[in-house]
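Read the structure below first, then the notes.
Numbering (this note's numbering), first residue to last: 673 to 840.
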């Protein structure tokens, strides 16, 4: 959140690396600030979800991640988005060499989608979550950050919504 004395009416938002920056006029009340931040985050997510990878691009990204982090050993037959996964971020069927990612990942930062995709690719090589599996993910530098992001999203989804501030 950045307040600006020069900004009189407009509100805008953009990504700055892994952060979201919302620019608002300095004179805005806390209640207005909260309302605008929520609105701008929704707009930004909607804009980003329109740029989300399609199934074909997702398949290409999977091959690239396999090459970069798994020596090209994980070769999926099919990688696609699905809308029927609401309790998990992704799934893999090693016997069919298929990977499915939840549509809920669409609009999340690229490093988060890459982590989930790499996680599922690793299951093509090691089906369980034992030490050999986690060793495969060590080469991805944003594993902990992506896991933290997903934990935060999952936690926030379980919290009750905070009612808007009362205006007098």
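By construction, the Cβ of each residue, glycine as well, lies at the ideal position given by its N, Cα and C atoms.
Query                                                                                                                                                                           : Result
With distances taken between CB atoms, is the gap from residue 742 to residue 789 smaller than 8 Å?                                                                             : no
Where do the N-terminal and C-terminal ends of the beta strand (DSSP E) with residue 772 fall, by residue?                                                                      : 770-774
Does DSSP classify residue 698 as helix, strand or coil?                                                                                                                        : coil
Helix, strand or coil for residue 614 per DSSP?                                                                                                                                 : Absent from the structure is residue 614, since the part of the chain shown begins at 673 and ends at 840.
Spatial neighbours of residue 818 within its chain, please: C-beta separation below 7 Å, excluding the five flanking residues on both sides.                                    : 783, 784 and 787
I need the DSSP call for residue 743, collapsed to helix, strand or coil.                                                                                                       : coil
Does the region 751-763 come into contact with the region 724-733, if we say contact requires no fewer than three beta-carbon pairs (one atom in each stretch) closer than 8 Å? : yes
How long is the line joining the alpha carbons of residue 740 and residue 700, rounded to whole angstroms?                                                                      : 47 Å
Which runs of the alpha helix (DSSP H) at least 4 residues long sit entirely within the region 775-807? Give them in chain order.                                               : 782-797
Assuming residue 703 contacts residue 693 (C-beta within less than 8 Å), just tell me the rounded distance between them.                                                        : About 20 Å separates the two Cβ atoms, so there is no contact after all.
Let me know the secondary structure DSSP gives residue 688 once reduced to three states.                                                                                        : strand
What does the Cβ neighbour count give for residue 673, buried or exposed, with the cut at 16 atoms within 10 Å?                                                                 : exposed
Does residue 753 come out as helix, strand or coil in the three-state DSSP assignment?                                                                                          : strand
In the structure shown, what three-state DSSP assignment does residue 763 receive?                                                                                              : strand
From residue 776 to residue 757, what distance separates their C-alpha atoms?                                                                                                   : 8 Å
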